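For reference, the structure is listed below as structure tokens.
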Amino acid sequence: MNRSPGPLSPAQQEALARLLEGISPDQVLWLAGYFAGLDQGRLQAAPAPRPAEAAPAVTVLFGSQTGNAERLARSLRSRLTEAGFDARAVSMDSYKTAELKRERCLIVVVSTYGEGEPPDGAKAFHEWLLGKRAPQLAGLRYAVLALGDSSYEYFCKTGRDFDERLASLGAAPLLARVDCDLDYEETATAWADGLLASLGRSDTAGARSPVVAAPAEASPAYSKQRPFPARLLENIRLTGRGSSKEVRHIELSLADSGLSYEPGDALGVVPRNWPERVDQLIAALGFSAEAAVPGADGVDVALRQALLGDYEITTLTRPFLQKYAELCGSADLTELLKPENRTALRDFVYGREILDVVRDYPTPGMAPERFVGLLRKLPPRLYSIASSQRADPDEVHLTVGVVRYRSHGLARQGVASAFLADRVAEGETVPVYVHSNPHFRLPSDPNAPIVMVGPGTGVAPFRAFMAEREALGAAGRNWLFFGDRNFDSDFLYQREWLEYRRSGLLTRLDVAFSRDDESRVYVQQRMLEHSRLLYAWLEEGAYFYVCGDAERMAPDVHEALLAVVRKEGGQGNGSAEDYVQQLHAAKRYQRDVY
Numbered sequence: 001m002n003r004s005p006g007p008l009s010p011a012q013q014e015a016l017a018r019l020l021e022g023i024s025p026d027q028v029l030w031l032a033g034y035f036a037g038l039d040q041g042r043l044q045a046a047p048a049p050r051p052a053e054a055a056p057a058v059t060v061l062f063g064s065q066t067g068n069a070e071r072l073a074r075s076l077r078s079r080l081t082e083a084g085f086d087a088r089a090v091s092m093d094s095y096k097t098a099e100l101k102r103e104r105c106l107i108v109v110v111s112t113y114g115e116g117e118p119p120d121g122a123k124a125f126h127e128w129l130l131g132k133r134a135p136q137l138a139g140l141r142y143a144v145l146a147l148g149d150s151s152y153e154y155f156c157k158t159g160r161d162f163d164e165r166l167a168s169l170g171a172a173p174l175l176a177r178v179d180c181d182l183d184y185e186e187t188a189t190a191w192a193d194g195l196l197a198s199l200g201r202s203d204t205a206g207a208r209s210p211v212v213a214a215p216a217e218a219s220p221a222y223s224k225q226r227p228f229p230a231r232l233l234e235n236i237r238l239t240g241r242g243s244s245k246e247v248r249h250i251e252l253s254l255a256d257s258g259l260s261y262e263p264g265d266a267l268g269v270v271p272r273n274w275p276e277r278v279d280q281l282i283a284a285l286g287f288s289a290e291a292a293v294p295g296a297d298g299v300d301v302a303l304r305q306a307l308l309g310d311y312e313i314t315t316l317t318r319p320f321l322q323k324y325a326e327l328c329g330s331a332d333l334t335e336l337l338k339p340e341n342r343t344a345l346r347d348f349v350y351g352r353e354i355l356d357v358v359r360d361y362p363t364p365g366m367a368p369e370r371f372v373g374l375l376r377k378l379p380p381r382l383y384s385i386a387s388s389q390r391a392d393p394d395e396v397h398l399t400v401g402v403v404r405y406r407s408h409g410l411a412r413q414g415v416a417s418a419f420l421a422d423r424v425a426e427g428e429t430v431p432v433y434v435h436s437n438p439h440f441r442l443p444s445d446p447n448a449p450i451v452m453v454g455p456g457t458g459v460a461p462f463r464a465f466m467a468e469r470e471a472l473g474a475a476g477r478n479w480l481f482f483g484d485r486n487f488d489s490d491f492l493y494q495r496e497w498l499e500y501r502r503s504g505l506l507t508r509l510d511v512a513f514s515r516d517d518e519s520r521v522y523v524q525q526r527m528l529e530h531s532r533l534l535y536a537w538l539e540e541g542a543y544f545y546v547c548g549d550a551e552r553m554a555p556d557v558h559e560a561l562l563a564v565v566r567k568e569g570g571q572g573n574g575s576a577e578d579y580v581q582q583l584h585a586a587k588r589y590q591r592d593v594y
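So, in structure tokens, the structure goes:
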């Protein structure tokens with residue numbers, strides 16, 4: 001009598017596992033038929049494997065400033081590959097425009113920074129696609145995932161530009177564009193699920209996995225979803241007496257965290273809201289602090305607890321105002337939100353918070369859970385890391401400009417900066433995670449010269465660069481342009497820069513202090529003063545880095561760089577722009593601007 005074999009021993013299970021490693025699904029089917037024949041006492045030939053169909057080709061094109069769009073694009077490529085597609089992820093700055101006409105399925109993942117600007121790596125492709133040279137794309141299917149920050153006026157504008165332009169060129173959308181706010185993970189995963197469904201792959205195992213972490217990467221024990229409680233070691237005021245600014249040097253312990261970072265990375269800080277502002281908001285709403293509301297994870301908590309740590313309660317965004325206007329029925333808010341009133345809305349939002357709107361436009365009878373439903377989750381704040389892990393293995397350092405001001409009769413303060421400066425005592429912990437920024441890196445060649453432009457707190461990553469180059473014994477020359485308001489009170493890390501200058505690690509140090517006299521000199525003017533030497537460094541292979549304010553400083557420095565190339569290279573406007581674009585394409589012009 002035939003009977004089925006008994007359970008496999010541990011040794012047999014291990015041997016079988018080794019045997020099945022690397023075997024394709026078709027081969028598994030063949031083996032199943034083979035062993036089924038053995039089980040019935042007859043060896044039957046299993047069917048030959050079916051010839052594999054050509055996998056549909058998909059290009060995931062990304063434009064990323066701080067790395068979020070790139071991580072999402074690469075994770076999406078992994079999901080598409082698991083679902084049977086021939087997928088690739090390509091940065092816009094390395095994509096050959098001639099390929100676009102041959103594409104049949106294009107997925108665009110792109111961020112917007114500042115007021116509607118494309119990421120540095122997407123600028124050339126964005127300009128080309130929106131220009132007259134872009135081809136008709138009637139045979140193309142596409143989808144767009146846009147990343148942004150709804151506190152900015154032109155939220156997700158770059159993604160919208162791509163979506164509208166591809167459609168105008170005849171391409172057919174696979175699904176509607178989705179605009180992601182700072183808390184993008186769940187939205188991006190849902191969008192990816194919809195994309196796979198539209199491509200006919202919604203039943204794959206890969207479609208059920210999140211799109212926010214590449215499967216091939218080892219996940220650290222601590223991450224954005226599970227931040228590490230870093231102990232505060234030092235909180236030192238850097239700005240001197242009489243300064244109009246407050247800047248602090250923060251040192252945190254990463255001992256036993258397993259977290260690692262590179263110079264150029266940022267540290268994500270998970271803050272808590274100002275308790276005084278939380279209490280003022282609850283009082284203005286007329287709610288009980290103990291009212292049960294859904295927390296960020298969906299589990300009910302007391303209202304005060306939720307407003308302290310789960311939700312953004314300060315920044316006014318258009319989505320919040322739109323939803324609040326519908327609730328309170330205010331004709332004034334509704335009028336303000338019309339597209340033609342952008343300037344008036346910008347003026348209204350400036351210096352105001354959610355508390356101001358609640359006080360000026362009350363909504364009697366609104367339930368606490370309804371109000372919480374209007375809020376976005378409290379996003380972490382990113383700070384450029386100001387230390388080298390090679391130099392300080394168990395620490396991470398930050399340079400924090402503390403925000404404090406008064407407007408509309410109320411004291412205001414930065415959510416994370418005041419949290420770090422005022423409300424974390426030495427020895428207490430701060431939830432943190434490492435945010436990798438692959439687009440802001442030291443040269444792989446330790447002999448390559450570098451030029452760093454970092455006014456104010458923008459100097460933070462260059463402190464990390466110098467510590468790293470010193471620890472590595474790098475021979476490359478280093479030139480720093482630093483600027484701030486006053487020499488006596490605002491020369492951040494002055495002693496360290498002068499010591500690096502004396503030791504020879506810092507080859508040149510040029511400074512500009514705009515409030516010391518009436519001349520108002522800025523870093524870009526120092527660049528122009530030394531244009532011949534600066535151009536010579538660039539011609540000798542120097543890497544050019546900029547960190548700091550995206551609204552005014554970064555554009556001014558960019559224009560100064562173009563002026564240097566025009567003057568010293570004897571080039572016209574177009575040639576100078578090509579020269580600077582080539583620097584960027586070669587990863588020799590990198591910016592970390594915010």
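Taking the UniProt record's numbering, the leading residue of the sequence shown gets 1, the next gets one more, and so forth. Even glycine gets a Cβ: it sits at the ideal position worked out from N, Cα and C. It should be emphasised that the depicted structure is a prediction, and the values quoted were computed from it without experimental measurement.
Under the DSSP assignment, Glu499 falls in the alpha helix (DSSP H) whose first and last residues are 494-503. Annotated as proximal: Gly427 and Leu232, with beta-carbon spacing under 8 Å. Below 8 Å, too few C-beta pairs join the region 574-582 and the region 465-483 to call them touching: fewer than three. Excluding its 5 nearest sequence neighbours in each direction, Thr81 has C-beta neighbours in its own chain below 7 Å: Ala87, listed in chain order. Within the same chain, Cβ atoms closer than 7 Å to the Cβ of Thr239 are found at Lys245, Glu246, Val247, Ser489, Asp490, the five residues on either side in sequence being excluded. Residue environment for Ile250: buried (at least 16 other C-beta atoms within 10 angstroms of its C-beta). Closest option to Val109, judged by alpha-carbon separation, among Ala124, Ala134, Leu147: Leu147.
In this structure the region 384-401 touches the region 464-476; the number of beta carbon pairs closer than 8 Å is three or more. Secondary structure remark: continuous beta strand (DSSP E) runs of at least 3 residues inside the UniProt domain "Flavodoxin-like" (58-196), in chain order: 86-91, 105-111, 141-147, 178-180. Inside the region 220-302, DSSP marks whole beta strand (DSSP E) runs of 3 or more residues at positions 228-237, 247-253, 266-269, 292-294, 300-302, from first to last along the chain. Beta-bridge partners of Glu395 (DSSP): Ser253. Between Pro455 and Phe440, the gap from beta carbon to beta carbon reaches 8 Å or more.
Val557 is positioned such that its CB atom lies closer than 8 Å to that of Val546. Less than 8 Å separates the beta-carbon of Pro263 from that of Ala464. Contact check for Val451 against Trp537 passes: the beta carbons are separated by less than 8 Å.
Distance from the Cα of Asp549 is smallest, within the candidate group Ser384, Pro362, Gly409, Leu303, for Ser384. DSSP places Gln322 in the helix class (H, G or I) of the three-state scheme.
Per DSSP, Asp510 is one residue of the beta strand (DSSP E) stretching across 508-513.
Annotation for Arg77: Val60, Ala87, Ala89 place their beta carbon closer than 6 Å to its own, counting only its chain and skipping 5 residues before and after. Between Gln571 and His408, the alpha-carbon positions lie close to 50 Å from each other.
Counting C-beta pairs closer than 8 Å gives three or more between the region 56-76 and the region 117-136, which meets the contact rule.
Closest in alpha carbon position to Lys224, among Pro275, Gly268, Tyr324, is Gly268.
Residue range 478-484 is occupied by the beta strand (DSSP E) that includes Phe482. The Cβ atoms of Glu551 and Gly114 lie closer than 8 Å to each other. Counting every other CB atom within 10 Å of its CB across the protein chains shown gives Leu498 a total below 16, marking it as exposed. Three or more pairs of CB atoms, one per stretch, sit closer than 8 Å, so the region 132-147 contacts the region 159-166. Inter-residue distance for Phe487 and Tyr500 is about 18 Å (C-alpha atoms, whole angstroms). According to the DSSP assignment, Arg591 belongs to the beta strand (DSSP E) that extends over 589-593. According to the DSSP secondary-structure assignment, Phe544 is paired through a beta bridge with Val451, Tyr589. Short of 7 Å from the beta carbon of Ser531, and not among the five residues preceding or following it, lie these beta carbons of its own chain, in chain order: Val564, Lys567, Glu568. Between the alpha carbons of Val396 and Leu254 lies a distance of about 7 Å.
Between Phe320 and Val357, the alpha-carbon positions lie close to 10 Å from each other. The beta carbon of Ala344 sits closer than 8 Å to the beta carbons of Leu336 from its chain, once the five residues preceding and following it are set aside; these are given in chain order. Here the region 322-330 makes contact with the region 364-377; the two share three or more CB pairs at distances below 8 Å. For Val432, the enclosing beta strand (DSSP E) has its first and last residue at 429-435. Inclusion of Asp265 and Ser436 in the CB contact set at 8 Å is warranted, their separation being smaller than that value.
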